[in-house]
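To start, the structure under review is shown below, and the notes come after it.
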Amino acid sequence: MPRTVWYPGHMAKGTRKLNELVSKLDIILEVRDSRSPASTSSPLIKSLSKIKPVIHVLSRKDLADPDKLNLWLKELKHTFAADLRKREGINAIKKAILKFKPEHREVRLAVVGIPNVGKSLLLNSLIGKSNASVGNIPGITKSVSWYRNEGMLIVDSPGILDSHSEEGVHLILSWLGCAKAEVVGGFEKSAIELIKFLCSKGFQEFIPVEVTENLLPESILELIGKKYGCLISGGRVDFELAGRKFIEAFSTGRLGKICLEVPHGERVIDFSVKNVGAVEID
Ligand SMILES: Nc1nc2c(ncn2[C@@H]2O[C@H](COP(=O)(O)OP(=O)(O)OP(=O)(O)O)[C@@H](O)[C@H]2O)c(=O)[nH]1
Ligand SMILES: [Mg+2]
Numbered sequence: 001m002p003r004t005v006w007y008p009g010h011m012a013k014g015t016r017k018l019n020e021l022v023s024k025l026d027i028i029l030e031v032r033d034s035r036s037p038a039s040t041s042s043p044l045i046k047s048l049s050k051i052k053p054v055i056h057v058l059s060r061k062d063l064a065d066p067d068k069l070n071l072w073l074k075e076l077k078h079t080f081a082a083d084l085r086k087r088e089g090i091n092a093i094k095k096a097i098l099k100f101k102p103e104h105r106e107v108r109l110a111v112v113g114i115p116n117v118g119k120s121l122l123l124n125s126l127i128g129k130s131n132a133s134v135g136n137i138p139g140i141t142k143s144v145s146w147y148r149n150e151g152m153l154i155v156d157s158p159g160i161l162d163s164h165s166e167e168g169v170h171l172i173l174s175w176l177g178c179a180k181a182e183v184v185g186g187f188e189k190s191a192i193e194l195i196k197f198l199c200s201k202g203f204q205e206f207i208p209v210e211v212t213e214n215l216l217p218e219s220i221l222e223l224i225g226k227k228y229g230c231l232i233s234g235g236r237v238d239f240e241l242a243g244r245k246f247i248e249a250f251s252t253g254r255l256g257k258i259c260l261e262v263p264h265g266e267r268v269i270d271f272s273v274k275n276v277g278a279v280e281i282d
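Heads up: the sequence shown is residues 1 to 282, going by this note's numbering.
Encoded structure:
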């Protein structure tokens, strides 16, 4: 896979710009996906959190298993869960940010995170205007820009992936819509791995066809393709299209609410909770 497919130039430039301006900020706002708070952490957060305080926002609360999300909220400090589409949770986040406002000027902050987690939507909700572009494909925001309102000066930044992540992390990100499927070799590959993951964790209810024992992941994807009408000449299934439709349904929550990781639990990748916290800000 060419490096430019999964680490395009705007990520390198965004990283450089964020590092340049961090000293001018009062606080960092990091957005992660509620369904995988460990795997969706920003590759920049470790270094940025050494310099500035961090508040974490877990977006897509509406798509996460509520019990497992509560375990994360008990575990992580300075963390708020939000349904950004409905603006649920915004007031609490705003209150936490404004505690960092100096008396003589507005509070300065940057919203950071991996692609497509809801950074721009959160920024718009905080400033009360739809100024930053929002869209459901990774890579909508391509540059670092400032926005101002409601006593805040906020930087929107492009989603940035870890150039050293293992394939397993990229797979999770592709299932959640945070990385393009090309990053892991296409929708068919991503979907097959998702089927294997769901079957191995007892999450079969997220597969939109009946899964009987001994059915291979490829056969399950074929059934999904038939169900979604992804057929080509001769009535054969287009596996890439079937994979795309399945991943889209899963990532947008149409197949149900799920958390792929729990704190301290067995995960797809061996993450430890100590890697997902931030500096103390009390
Ligand atoms: N259901 C749901 N969808 C959300 C939530 N937050 C964001 N989204 C959707 O996620 C998609 C991505 O939102 P953006 O704000 O563009 O994400 P971003 O992190 O700025 O993305 P990039 O600029 O591409 O890195 C949009 O379709 C949003 O409507 C949420 O809390 N719940
Ligand atoms: Mg954006």
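Heads up, the beta-carbon is just placed ideally off N, CA and C, and yes, glycines get one too.
Beta carbon of residue i nearer than 9 Å to that of residue j
{"i": "Ser59", "j": "Asp33", "result": "yes"}
{"i": "Lys95", "j": "Ala82", "result": "no"}
{"i": "Ala92", "j": "Leu21", "result": "no"}
{"i": "Ile45", "j": "Val112", "result": "yes"}
{"i": "Pro217", "j": "Lys201", "result": "no"}
{"i": "Gly118", "j": "His10", "result": "no"}
{"i": "Phe206", "j": "Phe250", "result": "yes"}
{"i": "Ser120", "j": "Gly14", "result": "no"}
{"i": "Leu221", "j": "Gly243", "result": "yes"}
{"i": "Phe246", "j": "Phe187", "result": "yes"}
{"i": "Ser36", "j": "Ile154", "result": "no"}
{"i": "Asp156", "j": "Lys101", "result": "no"}
{"i": "Asn124", "j": "Asn131", "result": "yes"}
{"i": "Val183", "j": "Glu193", "result": "no"}
{"i": "Val209", "j": "Lys189", "result": "no"}
{"i": "Gly128", "j": "Thr141", "result": "no"}
{"i": "Lys237", "j": "Gly225", "result": "Lys is not the amino acid found at residue 237; the sequence shown has Val there. Yes, these two residues count as a Cβ contact at 9 Å."}
{"i": "Tyr7", "j": "Ser174", "result": "no"}
{"i": "Leu348", "j": "Met152", "result": "Because residue 348 is not part of the residues shown, which for the chain are 1 to 282, the question remains open."}
{"i": "Lys180", "j": "Ile114", "result": "no"}
Residues bridged to residue i (per DSSP)
{"i": "Val54", "result": "Ile28"}
{"i": "Phe237", "result": "In the sequence as presented, Phe is not what sits at residue 237; that position holds Val. DSSP lists Leu231 as partners of Val237."}
{"i": "Asp156", "result": "Val111 and Ser145"}
{"i": "Asp33", "result": "Ser59"}
Cβ separation of residue i and residue j, assumed to be a contact under 8 Å, to the nearest whole Å
{"i": "Pro43", "j": "Leu161", "result": "7 Å"}
{"i": "Leu84", "j": "Leu122", "result": "6 Å"}
{"i": "Leu63", "j": "Gly253", "result": "4 Å"}
{"i": "Ile55", "j": "Leu29", "result": "5 Å"}
{"i": "Cys178", "j": "Thr40", "result": "6 Å"}
{"i": "Pro263", "j": "Glu88", "result": "Wrong, their Cβ atoms sit about 22 Å apart, outside the cutoff."}
{"i": "Ile232", "j": "Asp65", "result": "Wrong, their Cβ atoms sit about 36 Å apart, outside the cutoff."}
{"i": "Glu103", "j": "Leu126", "result": "Rounded, the Cβ-Cβ distance is 20 Å, inconsistent with contact."}
Can you check the stretch 37 to 123 for any alpha helix (DSSP H) of at least 4 residues that lies completely inside it and give the ranges in chain order? Here the runs fully enclosed are 45 to 51, 66 to 75 and 90 to 98.
At which residue ranges does the stretch 161 to 232 contain complete alpha helix (DSSP H) runs of 4 or more residues, listed in the order of the chain? 167 to 176, 187 to 200 and 217 to 227
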